[in-house]
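Below is one structure; the comments refer to it alone.
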Ligand code: LLP
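In the working numbering, the protein residues as written are 109 to 531.
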C-alpha cells in the first residue's frame, strides 16, 4: 500500500499534486509520503505485536534525518553500519540503547565511538572483529554487548549483489565457528555475547528462505543451550521484499504467521532491521523530460535525473515502474516503446528500456516509482551533478527535508595546492 495515486488523471502524493511539487521545488526531486512510511512501520510492529519486537529501521535504505526522526519518534530503533550512520542516528534523537551496528569492516575508531555512546550491541561478522572489539572494550569499565551474525547458508532467491546469507558471501560467521566462539566466550572477558543475528539478503519476496534460515538458527540455539550457552536476543535482520513490478511479496501478517511460532519457542527478544519494507514504496523520484530523440532503432526520452540520482536500474538491472504525472485520456490511446534515460555520459544511465509508456513530450514530468529505498542514499555527484532535493509530504503539506546541493557544495572539500596557484 502506498499513498501515490491518480485523482482526475493527476498523480498525487497524499493530498498534494506531484506536479505542483515538481514546479515549486524543481527536478530531479525525491518525494516521500510520511503516512506511507509510518503505515509500513506500524504494519510490521502490529504483525509481530505478540513478541514486542524492537524494529530497528535500516538507516542505509534512506538516511535522511527527517525520515529517521519520524520513525524514531514512533518508537523505532536504528540499524547502522558506519560511524557516519551512528552520527546521524544520534542526531535524529535515537536512544543509543535502540541502535544495533553491523558491517564486516568496522574500524577501531568506529567501534570506540559506538561503545562510548552505549549502543545496544554490535552484530559481529568475524572472529578477528570479535577479538578486536574485545581488545577495545578492555579500555571501558563495562562489558560490551555483541551478537554473532550467523551466515546460515541459505539461498534467498534475489539479485546476487544483494544476497548475503550464502556461505560464499563475505557476511557473517558459519555455525561451526560460531559454536567455537560461544564455547570460548569466557576467554573474551570484555564482551558479552548476548544474541544471534541473521540478514540473508534484500528484496526477498518469499517467506521460505527466512523460515529456512530461522529454523537453522533455532536448531543451533537449542544445541548451544545443551552446551550451557544462553542468549537474550534474536535479530532477524531485514530483507522483506516490496512490489516494484508484479512481485507478490509476503505481507507483514503472512510473514509473521510463518515465523512467530518459531520465534516464540526460543523465548528470545526479537529484533528486526527492515529498510526497504518501510521506505521503498514511500518515495518516488520526479524528473522532467528534456528531449525526445528518435534514432533508426530506438526512441529515447531523455530526462533530467540520472544514474547518479537513482542507480538501481543501472547497477542491479532493477525494475522501477514509470508513471507520467499527468495521465490524460489521449495518453492511454497513444503509447510508444521508449528508453527512459538520463543525461550522464554512460550507456548504463537508464531508468527503463523498451518500456511501453503513454507518449511523453518535452517538459512533461515523470515519476520513477518505489524509489524511496536505496535511491537518494546511493546517489552521487558523478558528472558533477548536484544531488537532488528531497521533500516529505504530510497530508496536504510538503516539507523540504534536504536542499538541492549548490555548485559550492560540489567544491567544498577540494583544495588547489599552492604550487598550482603559482605561489
Ligand atoms: N540489515 C543488514 C545487516 C543489512 O545489510 C541490510 C541491507 C538491512 C538490514 C536492510 O535490508 P532491507 O530490509 O532494506 O532489504 N542497495 C540494494 C540493497 C542493499 C541492501 C544492503 N543491506 C538495493 O538497492 O536493492
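Where a beta carbon is used, it is the ideal one built from N, C-alpha and C, also for glycine.
Where the alpha helix (DSSP H) containing residue i begins and where it ends
i: residue 422; result: 420 to 424
i: residue 456; result: Looking at the DSSP string, residue 456 is not in any alpha helix (DSSP H), and its letter there is neither H nor E.
i: residue 140; result: Taken as a continuous stretch (DSSP letters only), residue 140 belongs to no alpha helix (DSSP H), being part of the beta strand (DSSP E) at 137 to 141.
i: residue 126; result: 126 to 133
i: residue 284; result: 283 to 291
i: residue 379; result: Looking at the DSSP string, residue 379 is not in any alpha helix (DSSP H); the run it does join, the beta strand (DSSP E), is 377 to 380.
i: residue 482; result: Per DSSP, residue 482 belongs to no alpha helix (DSSP H) and is neither H nor E.
i: residue 384; result: 384 to 387
i: residue 580; result: Past the boundaries of the shown model lies residue 580; the chain is included only from 109 to 531, so the question cannot be answered.
Residues sharing a beta bridge with residue i, DSSP
i: residue 466; result: 443
i: residue 473; result: 396
i: residue 510; result: 498
i: residue 312; result: 348
i: residue 505; result: 502
i: residue 120; result: 113 and 125
i: residue 305; result: 257 and 343
i: residue 407; result: 402
Heavy atom of ligand 1 within 7 Å of residue i beta-carbon
i: residue 313; result: no
i: residue 385; result: yes
i: residue 454; result: no
i: residue 272; result: yes
i: residue 424; result: yes
i: residue 364; result: no
i: residue 148; result: no
i: residue 435; result: no
i: residue 168; result: yes
i: residue 71; result: A query on residue 71 cannot be resolved here, the shown segment of the chain reaching from 109 to 531 and no further.
Closer than 8 Å to chain D by CB, residue i
i: residue 467; result: The chain inventory of the structure shown lacks chain D, comprising one protein chain alone.
Residue i, enclosing beta strand (DSSP E) - first and last residue
i: residue 209; result: 207 to 209
i: residue 231; result: 229 to 232
i: residue 432; result: 430 to 432
i: residue 187; result: 185 to 188
i: residue 163; result: 162 to 166
- Mind the definition here: the segment 190 to 206 touches the segment 252 to 267 only if three or more C-beta pairs lie below 8 Å; say whether that holds. no
- Message: Would you call the segment 475 to 484 in contact with the segment 416 to 428, where contact means no fewer than 3 C-beta pairs closer than 8 Å?
- Response: yes
- Three CB pairs or more closer than 8 Å across the segment 186 to 203 and the segment 402 to 409: no
- Task: May I ask you to verify whether the segment 166 to 176 touches the segment 509 to 519, counting CB pairs closer than 8 Å and requiring at least 3?
- Result: yes
- Message: Using 8 Å as the cut-off, can you tell me whether the segment 372 to 391 makes contact with the segment 146 to 158, which would need three or more C-beta pairs spanning the two stretches below that distance?
- Response: yes
- Item | Inter-stretch contact (C-beta, 8 Å, three-pair minimum) for the segment 368 to 378 and the segment 152 to 160 | yes
- Task: Would you check if there are 3 or more beta carbon pairs closer than 8 Å linking the segment 424 to 436 to the segment 361 to 372?
- Result: no
- Item | Inter-stretch contact at 8 Å, needing at least 3 Cβ pairs: the segment 439 to 459 / the segment 348 to 359 | no
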